[in-house]
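Written below as structure tokens is the structure these notes are about.
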Amino acid sequence: MFFQKPFSRLAAAALLGGALLASSAQAQQLPAPRDTSFTVRSAFLKEKKYHPNISIAQPPLPPTVQAAYNLTYCTLGTHNLQLDVFYPKAKRKKGYPAVLFIHGGGWRSGDRSNHIPMAQQLAAKGYVTVTAEYRLSTEALYPAAVYDLKAAIRWLRANAKQYPIDTTKIAVWGFSAGGQLAALVGTTNGDKQLEGSACTTNHSSSVQAIVDVDGTLAFLHPESSDYTVSDKPTASKDWFGASQTEKPELWQQAAGLNHVTPQTPPIVFINSSIDRMHAGREDMIKKLDTYRIYHETHTFPDTPHTFPLFNPWFEPTLKYTADFLDKVFQVKR
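The following block contains the structure:
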């Protein structure tokens, strides 16, 4: 009897601790609650004050395009990572070039649906386009998002007959944080450190063109808002899980600027008038020129960062994208 009460407390504590660990493990396998701090609607309401003539770009699905929604490209724990595919109805024996769209939102918010309008309109121009989700910082830290997007590219190649895709012509298109990811994914073809080991690993994740829409090329760069170390929380710190001084190697690794080689694919920079959103661009252009890699730069004057989501910038952004890809992939209309 003397040991009964202490024993009961220990047993209860052990049972409670086990339950908490089990609950924690289960929580880690589930998708994180959606962070809605960035949406197209909220961005519109913010910018409408300064640009009263803008409107949300919402063109209808072109009649020449068919769609497949909510397809799982990779399952991690109980999280089914999904994508949407838009492709021409017209048959083509050799397939169409493909473009993976990557949304922004500071690596913690945003949604793949943000770029469905752009993906649908580009599909009408003879491309298979895909809008894919990826794990955000609320669920998994860097480089999980990179692993996911490379898995999505491998999925495209694995399903090339169904949609149909010319697997020798795949591009990445990204806006904001998605632009940073597009540049990183595109400059790290064949880099095993950033490949990941889950889902469709018997296919290549290499891409042949990059469209970076207002995405940073470097974090620890004088033009970047992350260059000055601060105690305040930032989207970048949340994504890396550490400050610039704690793990500078991660911040450097995630910079597309640091991966440019003679094998880097052609790239187009489509930018707003906010310089810090494309930090490192001029340095990257110098490297591209050294290796004679084709590139284009298009900057819209007096534009908000979220310009590709709104009229009047939606159509010219689409045109810059299509013209660049047509040239790189030698598409004839």
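For the sequence shown, our numbering assigns the number 44 to the initial residue and increments by one for each residue that follows. Built from N, CA and C at the ideal position, the CB exists for glycine as well. Please read all numbers here as calculations on a predicted model, not as lab measurements.
Candidates the options: which alpha carbon is nearest residue i's?
i, options, result
"residue 243", "203, 149 and 337", "203"
"residue 211", "218, 201 and 316", "201"
"residue 213", "151, 135, 90 and 141", "141"
"residue 133", "145, 325, 104 and 167", "167"
"residue 183", "169, 150, 155 and 156", "150"
"residue 135", "156, 370, 301 and 169", "169"
"residue 157", "369, 109 and 79", "79"
"residue 377", "274, 131, 123 and 124", "Since the displayed the chain opens at 44 and closes at 376, residue 377 lies outside it and no answer follows."
"residue 152", "278, 248, 331 and 122", "278"
"residue 334", "316, 304 and 76", "304"
"residue 320", "297, 235, 95 and 268", "268"
Return the chain-ordered list of same chain residues with a C-beta closer than 7 Å to the C-beta of residue i, the five sequence neighbours on each side being excluded.
i, result
"residue 290", "283"
"residue 239", "190, 193 and 194"
"residue 250", "196, 213, 214, 215, 228, 229, 232 and 308"
So, are the CB atoms of residue i and residue j less than 7 Å apart?
i, j, result
"residue 206", "residue 128", "yes"
"residue 323", "residue 261", "yes"
"residue 102", "residue 160", "yes"
"residue 328", "residue 360", "no"
"residue 218", "residue 148", "no"
"residue 173", "residue 143", "yes"
"residue 163", "residue 104", "yes"
"residue 126", "residue 116", "yes"
"residue 300", "residue 326", "yes"
I'd like the list of long-range same chain contacts for residue i, defined as Cβ closer than 6 Å, with 5 residues on each side in sequence excluded.
i, result
"residue 223", "258 and 259"
"residue 254", "216, 311 and 364"
"residue 246", "197, 200 and 201"
"residue 367", "311 and 339"
"residue 342", "314"
"residue 331", "338"
Which residues in the same chain have their Cβ closer than 8 Å to the Cβ of residue i, if we skip the five residues on either side of it in sequence?
i, result
"residue 99", "83, 84, 87, 352, 353 and 354"
"residue 286", "272 and 280"
"residue 90", "97, 347, 349 and 353"
"residue 241", "117, 119, 190 and 194"
Quick one: measure Cβ to Cβ for residue i and residue j, integer angstroms, because I've assumed they're closer than 8 Å.
i, j, result
"residue 266", "residue 318", "6 Å"
"residue 252", "residue 372", "7 Å"
"residue 145", "residue 221", "3 Å"
Establish whether the CB of residue i and some CB of chain B are separated by less than 7 Å.
i, result
"residue 243", "Reference to chain B is not applicable here, since this structure consists of a single protein chain."
Do three or more CB pairs link the segment 168–183 to the segment 195–210 at distances below 8 Å?
yes
Across the segment 289–303 and the segment 343–354, are there enough close Cβ pairs to call them in contact, namely three or more that are closer than 8 Å?
no
Say whether the segment 222–233 touches the segment 293–313, bearing in mind that this needs 3 or more beta-carbon pairs closer than 8 Å, one atom from each stretch.
yes
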